[in-house]
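To start, the structure under review is shown below, and the notes come after it.
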Amino acid sequence: MAVWMLFMFAATLATVQCSSVLPLDMALDSVDDAYVHCTEKMPKVIKKYYFDKEMKTNAKFRNAWYEVQKWAHPAYGLNKEQAVAVWIYTSANIYLDFNGAVNSGKKSYKYRKFQYTSLYFLLTTAIQRLKKTQPPYMTTYRRTSSIYKSVPKGTIIRFGRFASSSLNAKVNLSFGDKTCFQIQTKFGADLSKFSKYKHQKEVLIPPYEKFIVTSVQYRKYNPYLWCEVVYTLQSVGTQSNLNCVLS
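FYI, in mature numbering (1 follows the signal peptide of the UniProt record, and there is no 0) the residues of the sequence shown are -18 to -1, 1 to 229.
Pasting the structure below:
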């Protein structure tokens, strides 16, 4: 019996360890609507079908919406609602639940059952508006405490969620040093003017941006490397499989 229990424990531990290894791929189950050619139509759709419903049924969204009202004001091309969305993402305790939903919510979004449609739309269009007045390319740094499945140079990936990064590699050391990314982003936007944590110099990358892996470095070969594994990524455009599916 003791041997059997030991075997089961080892098998369970192996399963947990295996499941904790995250993929680096095209994130095909993610919500990735970029609203190309329907940006003007979508505010009416959101107002008519989604916002009031989600405020009633999604307590996390409702509480976060009210929580940031005192900070969020229209500026830098953003309207009030877009400013609120950015403040929610950077300041409220909702981003983990929200990003988890984005990462796996393709079907629910397509069939109009996604619980964060309003926040997703407002945050996406806020990034797009802010980007218009920012540099065309930015080099940013993303730290994680996660272990990702190893992929070779030349692999095309998407983060499949709103990926936080920073203009400063030395900021947010507490975010981890397991797998990290040096990113050249074309579609991410600097959100620092709308954050309680301006020192983080946050650049938010949308789920639909594609990157090619241009190099992979390991600390075991370079003891001075800032993380155990560092992927260098270069933007190669976008892929929006759900583009304007709700319009």
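Here a beta-carbon is modelled for each residue, glycine too, at the ideal position from N, C-alpha and C.
Spatial distance of residue i from residue j (CA atoms)
i	j	result
residue 148	residue 176	14 Å
residue -3	residue 138	With a pLDDT of 33 at residue -3, under the threshold of 50, the modelled position of that residue is not reliable, and the figure given next carries that caveat. About 27 Å.
residue 207	residue 116	29 Å
residue 215	residue 10	19 Å
residue 179	residue 74	12 Å
residue 209	residue 3	16 Å
residue 213	residue 87	26 Å
residue 29	residue 141	28 Å
residue 63	residue 190	22 Å
residue 38	residue 24	20 Å
residue 203	residue 8	28 Å
residue 43	residue 31	16 Å
Beta-carbon separation (whole angstroms), residue i vs residue j, contact threshold 8 Å
i	j	result
residue 101	residue 80	6 Å
residue 27	residue 222	Not a contact, Cβ separation roughly 17 Å.
residue 192	residue 218	5 Å
residue 56	residue 65	6 Å
residue 144	residue 188	6 Å
residue 13	residue 77	Residue 13 to residue 77, Cβ: 14 Å. No contact.
residue 112	residue 171	4 Å
residue 135	residue 198	6 Å
residue 6	residue 131	6 Å
Proximity winner among the options, relative to residue i (alpha-carbon distances)
i	options	result
residue 60	108, 42, 90	108
residue 186	194, 174, 196	174
residue 169	142, 92, 114, 93	114
residue 224	15, 43, 89, 110	15
residue 22	73, 213, 110, 178	110
residue 227	96, 40, 75	96
residue 146	167, 129, 130	167
residue 125	63, 132, 211, 40	211
residue 181	199, 203, 194, 150	150
residue 229	128, 6, 20, 220	20
residue 122	183, 25, 129	183
residue 36	119, 94, 127, 133	94
residue 196	205, 133, 203, 190	133
residue 200	129, 25, 58	129
Identity of the residues DSSP links to residue i by a beta bridge
i	result
residue 163	124, 213
residue 200	211
residue 130	4
residue 184	148
residue 171	186
Next on the checklist: Would the region 162 to 174 count as touching the region 81 to 100 if we require 3 or more Cβ pairs under 8 Å?
Outcome noted: no
Next on the checklist: Within 8 Å, do at least three Cβ pairs link the region 49 to 60 to the region 68 to 80?
Outcome noted: yes
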